[in-house]
Each structure stands twice: as structure tokens, then as C-alpha cells.
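Here's the structure, in C-alpha cells; my notes come after.
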Amino acid sequence: MDLHVPELGYQKKPEKMDYRLLFRLLKNVWPYRLHLLGAFIMMLLTTGATLAGPYIIKVAIDTAIIGQNLEQLNILAFLFVLTYGVNWFSSYGQNYLMSWVGQKVIFDMRQRIFDHLQKLGFKFFDRRSTGEVMSRVTNDVEALNEFISWGIIHVAGDLVIIIGIIVVMISEHLLLALVSFVTFPFFILVSTLFRNRVIDAYRQVRSRMAEVNSHLQENISGFKVIQSFVRERKNIDDFSSINNRNLQANMKAATLFAIYLPVIEVIGAVGTAILVWYGGMEVVRGAIQIGTLYLFLDYLSRFYAPLRDLSQIYNNLQSALAAGERYFEIMDTRPHYEEDPEALVLPFLQGRVKFEGVTFAYEKGKNVLEDINLDIEPGEAIALIGPTGAGKTTLINLLYRFYEPQKGRIFIDGNDIKKIKIKSLRDQMSLALQDTFLFSGTILENISYGRPDASREEIEEAARSVYIHDFISSLPEGYDTFAGERGSSLSMGQRQLISFARVLLRNPRIIVLDEATSSVDAHTEEKIQNALKKITADRTSFIIAHRLSTIKKADRILVLDKGRLVQQGSPRELAEKPGLYRELLQLQFEADYGEEKEKSNKIFHYK
């Protein structure tokens with residue numbers, strides 16, 4: 032199955048509001064609609080109090096102050112203070128509820144994308160940097176928080192305030208209201224001109240930030256290689272370039288916003304000046320009262336404030352939509368395989384494996400494996416050898432269903448693995464990778480990772496089998512010692528042995544060792560070979576290695592070259608036949624002889 036996976040980079044889209052994407056984002060809020068309703072009620076109280084305050088002052092000026100009615104003035108002053116008390120209470124409730132909703136929505140979305148990532152296969156992760164994927168889970172999801180926590184309810188609140196102001200102003204004095212809004216068309220024009228530029232600017236900001244995260248993650252993970260090759264200066268220059276692109280993207284967005292706000296302020300100031308000029312003349316002529324002019328001036332200032340807020344919310348919305356695009360690119364990526372609802376749960380495996388006409392390519396037209404046919408008996412120890420890129424690891428990837436073959440089928444105990452539940456399949460298999468990965472927990476947690484319910488005695492027995500128990504016991508905290516990030520507190524050989532213990536603890540029916548002994552010394556390797564001889568008995572095992580000494584006890588050797596199975600047989604049989612195996616054997620012998628000769632020369636010269 033050849034599944035197209037979209038690239039996770041910056042792609043310029045049509046510059047228009049994506050209402051479908053907005054609806055998808057808002058669907059995440061729906062489970063918390065009751066809290067949202069509560070926040071909306073609080074918002075209405077806040078809006079009502081905000082609109083009531085200026086009107087109370089208007090009445091106080093026109094009736095209580097001009098009419099010299101102190102009793103009425105006392106009542107109006109109390110009501111004015113009361114409106115601010117209501118405003119404080121409702122604003123607190125509104126902000127608390129929306130913050131709660133925002134945090135819950137972000138929690139759900141982050142959990143959802145993490146759960147989805149667990150279902151995606153090697154194909155997805157092979158094509159993307161860790162930093163970029165992390166940016167989707169952290170930065171992009173967090174960018175949605177501001178809009179959800181602050182933007183949604185404020186959009187409604189600002190619209191209610193704007194509508195309320197318009198209604199009150201028109202009901203008070205229609206002509207004065209029309210004069211007040213004479214600059215409003217200019218506001219709409221400016222907002223429209225800036226909109227398209229803002230959409231693209233925020234999309235670039237999110238993309239550039241992902242580049243920064245990706246580069247940082249890669250460099251922190253590979254700092255030993257960087258320093259060993261003295262690449263610090265080059266990496267600094269590369270990061271400076273990436274960081275500068277991020278700076279330019281952010282500055283572009285900030286510049287647009289910096290231009291936009293003052294323009295809106297000027298439009299508002301012009302509108303206020305026109306209102307003062309016209310309203311002042313009306314007061315002088317006695318057409319309106321001074322309190323009415325105050326009310327219009329106050330409302331006009333409040334009218335442009337929510338408009339500015341809506342502009343800010345619009346910018347936040349564009350940032351959220353850009354983040355949402357990147358979020359849903361991952362969520363819309365289908366798993367690399369579709370598990371059959373009727374898939375089998377395997378009973379205890381015998382370990383019979385069959386490859387039937389298997390062909391596979393990572394890229395269309397470039398086959399990595401070509402028409403592989405194999406029959407492997409239960410308990411058989413199989414060694415896979417061949418030049419780099421011959422297809423050894425790919426063969427194992429297909430067995431584990433990390434990838435799906437384009438042609439052919441793979442059977443375990445007579446069952447097509449596509450018809451077996453993935454968990455059921457992998458529960459009876461164990462894999463030791465060349466690049467050993469340990470988690471940042473304790474050594475105990477790392478060994479028991481595949482069997483969390485294992486007893487302490489079982490864990491220690493697995494460690495003894497690979498000769499790592501004594502070392503672990505010698506540590507101050509023993510099995511409770513923290514391994515560090517990726518096992519950084521341990522040597523490469525120690526990490527390898529712990530990964531072996533992790534494999535043995537699962538008691539698998541099929542074992543895969545992917546160049547697993549290439550990073551331990553000869554003495555340790557001999558001990559491991561003895562331990563592996565015990566556990567591979569009556570189990571099907573695959574060993575992948577460039578060092579032929581690690582596969583000399585295999586029942587059968589499979590020689591791969593350019594994706595084809597070119598030889599197979601016992602070590603003795605293949606050593607006696609002309610072919611690639613004998614060539615590799617000769618090269619290994621010459622390499623080992625050269626190393627021994629160099630050591631002898633050093634010793635002789637020293638003496």
C-alpha cells in the first residue's frame with residue numbers, strides 16, 4: 032500500500048478565511064458548551080454594566096446636576112458604582128470559565144494528537160524531523176489556546192457592545208449617531224486591506240518556528256557528533272540563518288500589526304473630532320443637552336475599542352488557523368496500515384515464518400526487496416547478512432509490519448500477518464536495535480518496559496542472563512538508578528546489555544537482533560552469545576550483523592544483495608561455495624588479521 036503523506040512545511044494557501052477549518056477547531060469546544068454558556072451569560076452581564084455606566088453619567092449630568100437634584104445624584108452615583116461591581120464579578124466569572132475551557136480543549140487536542148502519533152508508522156516519522164513534529168504538538172496547539180481562551184467569548188462580547196452602542200445612540204439622536212459613524216467605512220476598508228497580508232504572515236510565523244525547533248532538537252541530540260567533527264561554527268551559522276528567517280517572519284507580522292493599530296487610532300481620533308465639532312454646535316444651539324454629547328463621546332470611544340479588540344482577535348484567529356492547518360495535517364494523516372476489524376488474536380506462537388513473493392519499495396520504482404521467498408521453521412536461528420543497503424533491516428521492518436509490502440504476503444504460523452492484530456503479533460516478538468534507545472526512567476523501568484507486570488526477581492534474572500546484573504547492583508541506587516535521557520548516564524555497551532535484558536524479559540517466540548552486538552567488546556560479546564544461545568533455543572531468531580563472528584552459530588544464513596536473496600545455507604555450506612558470503616568472510620578475515628598484526632607490531636616496538 033503506497034500511502035501519500037503530506038509534507039509538514041510552509042505552503043502558501045489561498046488568502047481567504049477558511050471557515051471549514053474554523054468550524055473544525057470550534058468543534059473541539061462543543062463538549063464544554065455548558066461552561067461556554069456560563070461564560071456567555073457572564074459576558075452579557077459585563078456588557079450590560081459597560082453600557083449602563085455612561086448612560087447613568089448622562090442622566091446625572093442632564094437631570095441631577097443641571098437640575099440640582101442631590102437626592103437623585105446620590106442614587107445615580109450609587110448605581111454607577113454598582114455597575115462596576117457587577118462588571119468586576121462578571122468579568123472574573125467570564126475569564127475564569129473561558130480559561131478553564133481553553134485549558135481543557137488544549138489538553139484534549141494535545142492528547143488526541145499524541146494518541147494519533149502512536150498509530151502512525153515508520154513512513155511518517157522517517158520523512159519528518161523530531162523537532163517539527165514536536166512543534167505541532169506543543170507550539171501549534173498552544174497557539175490555539177489564546178484564541179479559545181480569550182478570542183471566542185470576546186468576539187461575542189465585542190459584537191454585543193458594538194450593537195448595543197449603535198442601538199442606544201440611534202435611539203437617542205439619529206443624526207448625531209450618523210455623524211459619529213462617518214469614519215466607520217474607512218475602518219472597514221483598512222481592515223480589509225490588511226487582512227490578506229496578516230493571514231499569510233502568521234502562517235509563515237508558525238512554519239519558521241517549526242524550523243527553529245527542528246534544528247534545535249537535532250543539534251542537542253547530536254552534540255557529540257557536532258563537537259567530534261568540530262562543526263560548532265558551521266552549526267552556529269546555520270542556526271543563525273534559520274533564526275533570522277524566523278525573526279523576519281515575526282517582524283513582518285509585527286510590522287503589519289504596528290502599522291494597522293495607529294491607522295485605526297487615527298480613524299478613531301478623526302471620528303471623535305468630527306463628533307465634538309458637530310455635537311458642540313448642537314449643544315450651543317440648544318438642540319441637544321451636554322449629557323447627550325458626553326454619552327456619544329463616551330460610547331464612540333468605547334465603540335472603537337471593541338473594533339480594535341476584534342482586529343486583535345482576528346490576528347489571533349489567523350495565528351490559530353495557521354496552527355490549526357498544521358495540527359490537522361497530522362490528524363488527517365491516516366495510519367500506514369488499516370487493521371482488519373476481524374483480525375486474529377494469535378495463540379501461543381510456534382514461530383514458523385514464510386515470505387511469499389515479497390517486493391517492497393520506500394519510493395515508487397526503487398525496490399529495496401525484490402521477490403523474496405522464504406520458509407523458516409520454528410526455532411530456527413536465521414542470520415541475515417549482506418552489504419549496506421541490501422535490505423536486511425527492511426525485511427525485519429516488514430515482519431513487524433512497520434511497513435507493508437507492495438507485493439507478496441508474509442505468514443506466521445500459516446496466518447497472513449495482515450489478518451493478525453498488530454498488538455497480538457508484536458507481543459510475541461522482541462527487537463534489539465543497533466541504536467539502543469533507553470527512556471529517561473530508572474534501569475528497572477527500562478528493563479520492564481515490554482512487561483510492566485514483571486516481578487523484581489524476573490527482571491534481575493533477565494539481567495543476569497546478559498551479564499549486566501553485577502554492574503547494576505554495584506550502582507548506589509541499583510536498579511532504581513536513573514538512566515538519564517536516552518540512557519546518557521550509561522556506556523554504549525551497558526545500554527546494549529540493558530536492551531538485551533528488556534528483550535529476554537518478554538520471553539518472545541521470535542527474536543530479532545539488528546546489529547545488536549556491534550557496540551560491545553569481544554569479551555562481553557562472547558558472554559552475550561552464550562546467553563543468546565540459551566534463549567534462542569526453541570525460538571525463531573533473526574540476527575542482522577556486519578560482523579560475521581556474531582552469526583557463526585546460526586542454523587541458516589540468508590545473503591541479501593541489492594534487495595535479492597542471492598544465497599542461503601548453513602555457515603559451513605556457504606563458506607565452501609563461491610559467492611558473496613565467502614567474499615565477505617574473506618574481507619572480515621583480512622580486517623581481523625590486520626587488526627591483530629597492528630597490535631603485535633605495537634607490542635614488539637614497545638619492547
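Position in the sequence shown counted from 1, then plus 31, gives you my numbering. Every residue, glycine too, gets a C-beta built ideally from N, C-alpha and C. Computed from a predicted structure; not experimentally measured.
Rounded separation between Phe347 and Glu177 - CA only: Stepping through the sequence shown from its first residue, residue 347 is reached at position 316. Stepping through the sequence shown from its first residue, residue 177 is reached at position 146. Residue identity differs from the one stated: residue 347 is Asn in this sequence, not Phe. So the alpha carbons of these two residues sit roughly 7 Å apart.
CA-to-CA distance, Asp592 to Tyr624, given in whole angstroms: Your numbering for residue 624 matches position 593 in the sequence shown. Your numbering for residue 592 matches position 561 in the sequence shown. For Tyr624, the predicted structure reports a pLDDT of 46, less than 50, and the residue's modelled location is therefore unreliable. A value from the coordinates is still provided. Distance between the alpha carbons of Tyr624 and Asp592: 25 Å.
Continuous alpha helix (DSSP H) stretch holding Asn398: start and end: Counted from its first residue, the sequence shown places residue 398 at position 367. Run containing Asn398: none in the alpha helix (DSSP H); it sits in the beta strand (DSSP E), Lys397 to Ile407.
Rounded Cβ spacing between Ile441 and Val389 (contact assumed at less than 8 Å): The sequence position of residue 441 within the sequence shown is 410, counting from 1. The sequence position of residue 389 within the sequence shown is 358, counting from 1. At roughly 6 Å, the Cβ-Cβ gap stays under 8 Å, so Ile441 and Val389 are in contact.
Distance CB(Ser471)-CB(Leu536) smaller than 8 Å: By one-based count along the sequence shown, residue 471 stands at place 440. By one-based count along the sequence shown, residue 536 stands at place 505. The answer is no: Cβ separation not under 8 Å.
Burial state of Glu102, where buried means 16 or more other Cβ atoms lie within 10 Å: What you label residue 102 is simply residue 71 of the sequence shown in a count that begins at 1. Exposed is the call here.
For Pro45, the three-state DSSP class (helix, strand or coil): Your numbering for residue 45 matches position 14 in the sequence shown. Interpretation of Pro45 is limited by its pLDDT of 39, a score under 50 that renders its predicted location unreliable; no figure is taken from the coordinates.
Collapsed DSSP secondary structure at Val389 in the structure displayed: Position 358 of the sequence shown, counting from 1, holds the residue named residue 389. Reduced to three states, the DSSP call for Val389 is strand.
The alpha helix (DSSP H) enclosing Thr78, as first and last residue numbers: Within the sequence shown, residue 78 is the residue found at index 47, counting from 1. Thr78 -> alpha helix (DSSP H) spans Arg64 to Val90.
Limits of the beta strand (DSSP E) - the one that Phe513 falls within: Position 482 of the sequence shown, counting from 1, holds the residue named residue 513. No beta strand (DSSP E) contains Phe513, which DSSP labels as neither H nor E.
Inter-residue spacing [alpha-carbon to alpha-carbon] between Lys630 and Met523: The sequence position of residue 630 within the sequence shown is 599, counting from 1. The sequence position of residue 523 within the sequence shown is 492, counting from 1. Unreliable placement is indicated for Lys630, whose pLDDT of 40 sits below 50; no coordinate value is reported for it.
Own chain partners of Phe225 with C-beta closer than 7 Å, once the 5 adjacent residues on each side are dropped: Residue mapping note: residue 225 aligns to position 194 of the sequence shown, counting from 1. So the list reads Leu287 and Tyr291, once near-sequence residues are dropped.
C-alpha distance - Gly84 paired with Thr169, whole-angstrom precision: To locate residue 84, count along the sequence shown from 1; it is residue 53. To locate residue 169, count along the sequence shown from 1; it is residue 138. For Gly84 and Thr169, the distance between alpha carbons rounds to 42 Å.
Sequence ranges, alpha helix (DSSP H) only - wholly within the region 161–196, length at least 4: 161–166 and 172–177
Per-residue DSSP class, three states only, for Leu521: Counting from one through the sequence shown, the residue named residue 521 turns up at place 490. In this structure, Leu521 counts as coil in the three-state DSSP scheme.
Spatial distance of Met140 from Asp363 (CA atoms): Taking the sequence shown and counting its residues from 1, the one referred to as residue 140 is at position 109. Taking the sequence shown and counting its residues from 1, the one referred to as residue 363 is at position 332. Each residue's alpha carbon lies about 13 Å from the other.
Beta-carbon proximity check, Ala421 vs Leu589, cutoff 8 Å: In the sequence shown, counting from the first residue as 1, residue 421 sits at position 390. In the sequence shown, counting from the first residue as 1, residue 589 sits at position 558. No, the Cβ-Cβ distance between Ala421 and Leu589 is not below 8 Å.
Buried or exposed by the 16-neighbour rule on C-beta atoms within 10 Å, applied to Glu394: For the purposes of this step, residue 394 is taken as residue 363 along the sequence shown, with counting starting at 1. Counting Cβ neighbours within 10 Å, Glu394 comes out exposed, since fewer than 16 surround it.
Within the region 320–389, ranges of the beta strand (DSSP E) (whole runs, at least 3 residues): none
C-beta contact flag for Ile541 and Gly382 at 8 Å: Within the sequence shown, residue 541 is the residue found at index 510, counting from 1. Within the sequence shown, residue 382 is the residue found at index 351, counting from 1. For Ile541 and Gly382, yes; Cβs fall inside 8 Å.
Span separating the alpha-carbon of Lys450 from that of Asp269: For the purposes of this step, residue 450 is taken as the residue at position 419 of the sequence shown. For the purposes of this step, residue 269 is taken as the residue at position 238 of the sequence shown. Rounded to the nearest angstrom, the two C-alpha atoms are 47 Å apart.
contact_flag[the region 116–133, the region 72–92] where n(CB pairs < 8 Å) is 3 or more: yes
Host beta strand (DSSP E) of Lys438 (start-end): For the purposes of this step, residue 438 is taken as residue 407 along the sequence shown, with counting starting at 1. Looking at the DSSP string, the run of the beta strand (DSSP E) that includes Lys438 is Lys438 to Ile443.
Terminal residues of the beta strand (DSSP E) in which Asp545 lies: By one-based count along the sequence shown, residue 545 stands at place 514. Asp545 -> beta strand (DSSP E) spans Ile541 to Asp545.
Inter-residue Cα distance where the pair is Met32 and Thr473: Counting from 1 along the sequence shown, the entry for residue 32 is found at position 1. Counting from 1 along the sequence shown, the entry for residue 473 is found at position 442. Residue placement at Met32 is flagged as unreliable, the pLDDT there being 35, under the threshold of 50; the coordinate-derived value follows with that caveat. The alpha-carbon atoms of Met32 and Thr473 are separated by roughly 39 Å.
Nearest neighbour of Pro378, chosen from Leu456, Leu326, Glu370 and Thr303 [CA to CA]: By one-based count along the sequence shown, residue 378 stands at place 347. Out of Leu456, Leu326, Glu370 and Thr303, Leu456 has the C-alpha closest to the C-alpha of Pro378.
Ile575: first and last residue of the uninterrupted beta strand (DSSP E) it sits in: Working through the sequence shown from its first residue, we reach residue 575 at position 544. Ile575 -> beta strand (DSSP E) spans Thr571 to Ile575.
Residue environment, Arg167, which counts as buried when at least 16 other CB atoms sit within 10 Å: In the sequence shown, residue 167 corresponds to position 136, counting from 1. Arg167 is buried by the Cβ-count criterion.
DSSP beta-bridge partners of Ser639: Beyond the ends of the chain as shown, which are 32 and 638, falls residue 639; an answer cannot be given.
Chain-order list of residues whose beta-carbon lies under 6 Å from that of Tyr309 (same chain, five-residue window excluded): The count along the sequence shown starts at 1 and reaches residue 309 at position 278. Excluding residues within five positions, the ones whose Cβ falls inside 6 Å are Val210.
Rounded straight-line distance, which links the Cα of Thr467 to that of Tyr510: As a first step, residue 510 is located in the sequence shown; it is residue number 479 there, counting from the start. As a first step, residue 467 is located in the sequence shown; it is residue number 436 there, counting from the start. Roughly 18 Å separates the two Cα atoms.
Residue burial classification, Arg51 (beta-carbon count within 10 angstroms, cutoff 16): Numbered from 1 along the sequence shown, position 20 holds the residue referred to as residue 51. Arg51 comes out exposed.
Identity of the residue in Ile87, Asp545, Thr94 and Asp586 nearest Leu107 by Cα: Along the sequence shown, one-based indexing puts residue 107 at 76. Taking only the C-alpha atoms, the option nearest Leu107 is Ile87.
Exposure label - Arg239; buried when at least 16 CB within 10 Å: Along the sequence shown, read from residue 1 onward, the residue named residue 239 stands at position 208. The residue is buried, with at least 16 neighbouring Cβ atoms inside 10 Å.
Gln599 in three-state terms, based on DSSP: Within the sequence shown, the letter at position 568 stands for residue 599. Note: Gln599 maps to strand in three-state DSSP.
Assigned secondary structure, Glu607 (DSSP; H/G/I helix, E/B strand, else coil): On the sequence shown, residue 607 is found 576 positions in, with the first residue counted as 1. In the structure shown, Glu607 sits in coil (DSSP, three-state: anything other than H, G, I, E or B).
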